[in-house]
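This note's numbering numbers the first residue of the sequence shown as -10 and each following residue consecutively.
Each residue gets a CB set at the ideal place from its N, CA and C atoms; glycine is no exception.
Input: a single structure, listed below in structure tokens.
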Amino acid sequence: MASKGSTDRFVRHGGHAPIDLAQLATNTLGNRELQQEVLKLFLARSKTLISELSAADDRQHQADLVHSLKGSARGIGALRLADVCDTVEEELREGSSPAFLTLVSLVGETNDFIRELIEG
């Protein structure tokens, strides 16, 4: 699994890598095959959740979907995404305007990073 090159690319562009690779390693007990598997599962799950989120018209259901995404993000070490999910979930439950564009953008950035890790 490529890690340093993918991480360096994000840092060079003024950001931080969307996934804390040390946290991912801890969560998977350092098992690289398991890391690959959970990253692939996240790709599929996040795509499904974002699709369901865009189709949902009930705020409670939207909050539940974002909550699921938050747990998945934490599981792979995507802590910034998990924090954004936490904020959006709270906004949905409180009735304020949720930051969906920020959430969707960060999911895309995270998934691009995952693809680089898997393919690199």
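- Membership of Ser61 in the alpha helix (DSSP H) is indicated by the continuous run 48 to 65.
- Around the beta carbon of Gln49, fewer than 16 other beta carbons lie within 10 angstroms, which makes this residue exposed.
- Looking only at Glu80, Thr91, Leu28, Ser85, the smallest Cα-Cα distance to Arg63 is reached by Leu28.
- Scanning its chain for C-beta atoms nearer than 7 angstroms, with the 5 sequence neighbours on each side dropped, one finds around Val93 the residues Ile39, in chain order.
- DSSP, reduced to helix, strand and coil, places Leu18 outside both helices and strands of the structure shown, so it counts as coil.
- The beta carbon of Leu54 sits closer than 7 angstroms to those of Leu38, Glu41, Leu42, Ala45, all from its chain and outside the five residues before and after it, given in chain order.
- The Cβ atoms of Glu80 and Ala88 sit closer than 9 angstroms to each other.
- By a beta-carbon distance limit of 8 angstroms, Ser61 contacts Arg34. Their separation comes to about 5 angstroms.
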